[in-house]
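Encoded as structure tokens, the structure appears first; notes follow it.
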């Protein structure tokens, strides 16, 4: 059943709009991803935090120890899905 659903997703994906907001500095960005790439929003937020080198964000290429996967996910909101054109 999972394989069938996976195959359907590959042939008929949906796009979703997301907004992430940095819990440290408040910077906010919008982005779009499809259902086959659900980690794009979290990765975008991680990249922002790792690339921002200051005392609050921590050293470059590092995530502060206080930020775990769950707390990053809490900083992301999603908007309504739309069917992608085939």
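Numbering (our numbering), first residue to last: 84 to 169.
Heads up, the beta-carbon is just placed ideally off N, CA and C, and yes, glycines get one too.
Excluding its 5 nearest sequence neighbours in each direction, residue 106 has C-beta neighbours in its own chain below 6 Å: 158, listed in chain order. In this structure, the straight-line span from the alpha carbon of residue 122 to that of residue 136 is close to 23 Å.
Ranking 140, 125, 116 and 110 by CA distance to the CA of residue 98 puts 116 first. For residue 131, the CB contacts under 8 Å within the same chain, skipping 5 residues up- and downstream, are 103, 105, 110 and 112 in chain order.
The C-alpha of residue 147 is placed about 26 Å away from the C-alpha of residue 100. Listed in chain order, the beta strand (DSSP E) elements of length 3 or more contained wholly in the segment 106-141 are 111-117. For residue 156, the three-state secondary structure derived from DSSP is helix.
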